[in-house]
Amino acid sequence: MTDKRSDDPFARLSSTPPPAPRPRAREAAFAAARQAYAESQAKINPTAAKGTGWGRRLMSIITSWKGISIMDMRIPVGTTAIALLLLPLGLHYYTSTALTPPETLSGGASVSQPAPSEPLAQPQLAPEPEAAPVQDSAEAEAPSADALADQSMRTAPLAEAVAPAAPAPASAHPAPMVPMGAPAMAPAPMPAMLPRLQSQDAFAQSYNAARDSGFGMGASAGGGLAPAPSGDNFARFEEQRLKVVAEEPVSTFSIDVDTASYAYARRLLSEGYVPEPDAIRIEELLNYFPYDYAPAPSAEVPFQPSLKVFPTPWNDKTQLLEIGIKGFEPPAEADTKSNLVFLIDTSGSMDAPDKLPLLKRAFALLLDQLSANDTISMVAYAGSAGIVLEPTTADNKAKILAALDGLAAGGSTAGADGIALAYRLAEQARVDGTNRVILATDGDFNVGIDDPQALKDFIAEKRQSGTGLSILGFGRGNLDDATMQALAQNGNGNASYISSFAEARKVLVEEVGATLHTIAQDVKIQVEFNPATIAEYRLIGYETRVLNREDFNNDAVDAGDIGAGHTVTALYELIPVGSGGEQVDPLRYGTATPESGAGEELAFLKLRYKLPGAAVSQLIEQPVTPDLVFADIAAAGPDAQFAAAVAAFGQKLKGSVYGADMSWAEIEALAKAGRGEDQGGYRAEFIRLVQDAAALRPDR
């Protein structure tokens, strides 16, 4: 029987194997399929996502093993961590370079700054590369929060970035963010910098005024004038004038052992500036240097005067009278007791390398010079006010250094009762020796007594009770030199300016005895000139130390103190009778022939002093006789030559009407001739200072 299905043509077709596809037909089919797929995807995602395939805009959608879609935050978290590390470094670099205005102007040209109100050009952002499409179309269309923040940062007007804002610390402002790949451009000024930028016009005006006056200016590298630093305060005084012996034969003044003026002038000259005239006190220049004067006989007679008369280097018709004394220096094995209270300024202005950090190192040097017989206390005022260290013996160095290291500058000048606390601690630890408060500041004297006169009276009262006051000045731009001098004089102490670590070593190590230990108090000098031999005279320096004639014998009148081993120098310029150098015409109706003094004496010196703690002064007298006169300044010795060079330097630097015609080269030659042994190299340093002054203010 025949099967009908086997004869079915469709059945035979289904059992027949299909023929092999043609290659060209298969390629055409694949191409059509790819095109159809691309068209369908283009309708779903009109704009392709940006970024690399694996990063997916640094935040991709992935599917966990449970089938839940989550955000991959590993890359954004890592990027954020790196940004937090690099942002502070970038902020420091930005604020210390790009936005720091120049401190000096070369060649007198001012540096222009863009006005805050001017629109700044918007940087062009580089196009970002496109990436493969993301899996979810809704996620691709909705921008992320980071993307919105980034977009608002790029499109916000730059004028808002420079709008005036409330004053705030510079560290509170983040550095401007510049998109990666953007071309380099000048950054917009931060709001904290606007006061500095707006003050450029006022700065230029003050600079031009100072340049026209000729004072406080220095020559820049380009040959122009550079503005001198401002903000420091100096007491104004008139230079000592020439006096006629027939009218005013007696000169009286208090000795001065301060050295702040020289240290300050040295710093400015070495930095390329000429100090203002009131910053130059010639006696402090003279007394900065040690001299080889006759030693004191004993502690009971703590010094004896050394007198010389020699030709004046800047006027061949006049002579210089040099008066020098050297304080008694106790033997090295003698260990005197000291009770020291450090009164330390910790206001925000002390936050500078040459202020509080230098102060800490300076006091650490002083601590090394003390022993178990000495007591240290500390009081801070302003930023961190209060007692920092109760009275502690100096051999407990670790505790003292820890308290010192814990001091930090910051905040406003709160005006705590710092001065009262300091004297209270001094009274608490009083010793039979030196009791002294050492005030260290950059010029902020807001120590708890606002009235300057009341503060002076308070310090003078404590001085009478046996506690003195010395002042150390630090830094510049805020230095109140006038108050420093006044308080130190009222406190029977000295004022020093610590400009460097080397100066701290000189004041607190090499001269620690002179700085801390007083051997004579209320030291006064009075010179009476003989009108038969001297026609006119003038005292060089000591303008702020002049006393009335009657003050000399009044033991109630305060005067300067001398420390152990300290040297003091005073110079008079004398015009002998008949020398032809007289500056004042004789009176028409005056005495024709002045009465002669004792023989041929030029003058008569009187010197009064009190031993520490004594109420009654002692008197030393010595005539200035012709045998003390040298015909040549070289014969007077190196100390005389060097002292004359320092006086000429000070007069020329401050624009004095006396001796300013002496050239810098002549001053330098005279200083080199008087250099001598020069222990410590201070005289060699002075010679270099003369060279700096010559470069900054050349001879005309």
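Heads up: take any position in the sequence shown, counting from 1, add 420, and you land on my numbering. Glycine included, C-beta positions come from ideal geometry on N, C-alpha and C.
Q. Looking only at its own chain, which residues have a Cβ that is under 7 Å from the Cβ of Ser1037, when we skip the five neighbours before and after it?
A. Asp942, Asp975, Arg1028, Tyr1029 and Lys1030
Q | Whole-number beta carbon distance between Ala849 and Thr938, since they are thought to touch under 8 Å | A | Actually they are not in contact, since the Cβ atoms of Thr938 and Ala849 sit about 18 Å apart, beyond 8 Å.
Q: Compare the beta carbon distance of Glu1088 and Val1110 with 7 Å and say whether it is the shorter of the two.
A: yes
Q | Own chain, CB closer than 6 Å to Leu786, minus 5 neighbours either side, in chain order | A | Within the same chain, Leu786 has close Cβ partners Leu928.
Q) In chain order, what residues of the same chain lie with their CB nearer than 6 Å to the CB of Ala1056, ignoring the 5 residues before and after it? A) Lys728, Phe730 and Phe1050
Q. Just curious, the alpha helix (DSSP H) that Ile702 is in, first and last residue?
A. Here the alpha helix (DSSP H) through Ile702 covers Ile702 to Leu706.
Q) DSSP three-state call for Gly983: helix, strand or coil? A) strand
Q) If you follow the alpha helix (DSSP H) that Gly1070 is part of, which residue opens it and which one closes it? A) Here the alpha helix (DSSP H) through Gly1070 covers Pro1058 to Leu1073.
(Q) Tell me which residue opens and which closes the alpha helix (DSSP H) that Glu1088 is part of. (A) Trp1084 to Ala1093
Q.
Once DSSP output is grouped into helix, strand and coil, what is the label at Ile954?
A. strand
Q) DSSP puts Ile858 in a beta bridge; with which residues? A) Bridge partners of Ile858: Phe762 and Ser890.
Q | contact_flag[the region 866-886, the region 920-936] where n(CB pairs < 8 Å) is 3 or more | A | no
Q. Helix or strand or just coil, what does DSSP make of Phe730?
A. strand
Q | Residue of Thr732, Glu923 and Val664 minimising C-alpha distance to Ala1080 | A | When only C-alpha atoms are compared, the closest one is Thr732.
Q.
Let me make sure I understand the geometry here. Which of Pro1058, Arg444, Pro697 and Phe762 has the alpha-carbon closest to that of Gly1075?
A. Pro697
Q: Can you tell me which of Leu1073, Glu1097, Val1044 and Leu1025 puts its alpha carbon nearest to the alpha carbon of Pro1058?
A: Glu1097
Q.
With three or more C-beta pairs closer than 8 Å as the rule, is the region 732-742 touching the region 1060-1070?
A. Remark: three or more beta-carbon pairs, one from each stretch, lie closer than 8 Å, so the region 1060-1070 and the region 732-742 are flagged as touching.
Q. Are Glu703 and Gly911 closer than 7 Å when you measure CB to CB?
A. no
**Q.** Environment of Lys737 [buried if 16+ CB atoms lie within 10 Å]
**A.** exposed
Q: Go to Thr938, then tell me how far its alpha helix (DSSP H) extends in each direction, as first and last residue.
A: Counting along the chain, Thr938 sits inside no alpha helix (DSSP H); it lies in the beta strand (DSSP E) bounded by residues Thr938 to Phe949.
Q) Quick one, are the C-beta atoms of Leu1025 and Gln1042 less than 7 Å apart? A) yes
**Q.** Proximity below 7 Å, CB of Val857 to CB of Leu809
**A.** No. Outside cutoff.
Q: Use the C-beta contact count for Phe1106: other C-beta atoms within 10 angstroms, 16 or more gives buried, fewer gives exposed.
A: buried
Q) Taking buried to mean at least 16 other C-beta atoms within 10 Å of its own C-beta, is Met605 buried or exposed? A) Any reading at Met605 is ruled out, since the residue's pLDDT is 37, under 50, leaving its predicted position unreliable.
Q: Output the distance between the C-alpha atoms of Ser690 and Asp1112, rounded to the nearest integer angstrom.
A: 7 Å
Q: Would you decide whether Glu749 is buried or exposed? Buried here means 16 or more other CB atoms lie within 10 Å of its CB.
A: Looking at its Cβ environment, which holds 16 or more other Cβ atoms inside 10 Å, Glu749 is buried.
Q.
To the nearest angstrom, how far is the alpha carbon of Leu824 from that of Val761?
A. 12 Å
Q: Please check if any C-beta of chain C sits within less than 7 Å of the C-beta of Ala1067.
A: No chain C appears in this structure, which consists of one protein chain only.
Q) What does a CB cutoff of less than 8 Å around Arg781 pick up in its chain, not counting 5 residues either side in sequence? A) Phe921 and Ala924
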